[in-house]
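Numbering (our numbering), first residue to last: 13 to 329. For every residue, glycine included, the Cβ atom is placed at its ideal position computed from N, Cα and C. Predicted model, so just to flag it, every value in this text is computed and none were measured. The block underneath contains the structure these notes are about, expressed in structure tokens.
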Ligand SMILES: [Fe+2]
Ligand SMILES: [Fe+2]
């Protein structure tokens, strides 16, 4: 089969584990895969602000409120880096936003669960940001340059997020029996959904092989999931929290020997839009988009004014 010079260059860059940049030719399927993955990731960061923003006004102290606000703002920043990275592939920000608001784009299912107690802020930081780190550290080496570079900064911030979640749980676990119970209950609710964040089991993950061949994905879903659990076990012990899997065992090297079967029916239900908060999350995002219309209009009007002033001064010169 004839290989075009562009394809050959692409193949060489991938084989050398080097980077593809926006100016480079790339196969259409590679571009589409990246647009899908990066935009889904961006949407997840933006929708992911909602379950935690729910607690900003009710944080138990000024310090906690300041930390939580900073964390939620970080997530907005992650969304912006990722939308920008996706834009270098030729999709517009408007197209991505429209797809999300129309309910056509996916985002991580984890954000369709509710946050009824303050301990949920701890469990989200510890488990959800923790799972995000395990998934995302290998993405810092993704073959597409703008994505990999965005992930470097995101991962640094995610580490802080995980620490603050752990610290919230630690404080609750050192508190009253009611506080300890609240922390355990939040972990009981977030543990399984956080394991589902790694995606379906390897034998049911059709796109993984191609993503690995393109050096976008480096480890399989099950490998990353196990690594996450192996990280959690000693941390749960330090917290005095019980991971809600009675069948979980590690071998002498600290590697997962056995864990309970994950309830994939729940995963597919939430993915299909039937999770506890799917409708609420999208409705809220739509409302925020409409409420922010005046900001976009003002920014566009200001940019037009500046451009026409520049045009006038160039004519004068
Ligand atoms: Fe994030
Ligand atoms: Fe985060």
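Can you find a heavy atom of ligand 2 that lies under 7 Å from the Cβ of residue i?
i	result
residue 141	yes
residue 170	yes
residue 173	yes
Whole angstroms is fine: what's the gap from residue i's alpha carbon to residue j's?
i	j	result
residue 135	residue 293	19 Å
residue 200	residue 106	38 Å
residue 247	residue 182	10 Å
residue 269	residue 147	21 Å
residue 117	residue 205	20 Å
residue 142	residue 203	11 Å
residue 262	residue 239	11 Å
residue 41	residue 171	32 Å
residue 210	residue 279	11 Å
residue 194	residue 237	25 Å
residue 185	residue 75	19 Å
residue 14	residue 35	23 Å
residue 255	residue 63	22 Å
residue 308	residue 317	14 Å
residue 325	residue 98	35 Å
residue 104	residue 285	25 Å
residue 152	residue 68	30 Å
residue 218	residue 119	18 Å
residue 253	residue 196	6 Å
residue 283	residue 149	24 Å
residue 192	residue 260	22 Å
residue 154	residue 91	18 Å
residue 77	residue 311	30 Å
residue 266	residue 159	32 Å
Classify residue i as buried or exposed, calling it buried when 16 or more other Cβ atoms lie within 10 Å of its own Cβ.
i	result
residue 132	buried
residue 244	buried
residue 84	buried
residue 314	exposed
residue 28	exposed
residue 45	buried
residue 297	buried
residue 328	exposed
residue 290	buried
residue 224	exposed
residue 187	exposed
residue 30	exposed
Report whether the distance from the Cβ of residue i to the nearest heavy atom of ligand 1 is below 7 Å.
i	result
residue 166	yes
residue 296	no
residue 144	yes
residue 90	yes
residue 87	yes
residue 40	no
residue 193	no
Between the Cα of residue i and the Cα atoms of the options, which residue gives the shortest distance?
i	options	result
residue 128	21, 22, 71 and 276	71
residue 157	273, 32 and 278	32
residue 109	79, 145, 52 and 208	52
residue 228	15, 48, 20 and 19	48
residue 93	187, 56, 254 and 75	56
residue 232	242, 215 and 241	215
residue 258	273, 267, 264 and 251	273
residue 288	125, 296, 61 and 114	125
residue 251	234, 138 and 277	138
residue 164	115, 174, 145 and 177	145
residue 81	319, 173, 218 and 260	173
residue 242	188, 123, 130 and 264	264
residue 38	226, 79, 59 and 50	226
residue 73	180, 221, 325 and 213	180
residue 234	253, 212, 221 and 224	212
residue 176	79, 95, 319 and 86	79
residue 169	189, 277, 87 and 305	87
residue 130	24, 159 and 198	198
residue 276	320, 121, 77 and 222	121
Can you tell me whether residue i sits near ligand 3, meaning its C-beta is under 7 Å from at least one heavy atom of the ligand?
i	result
residue 57	Ligands present in the displayed structure are limited to ligand 1 and ligand 2, and ligand 3 is not among them.
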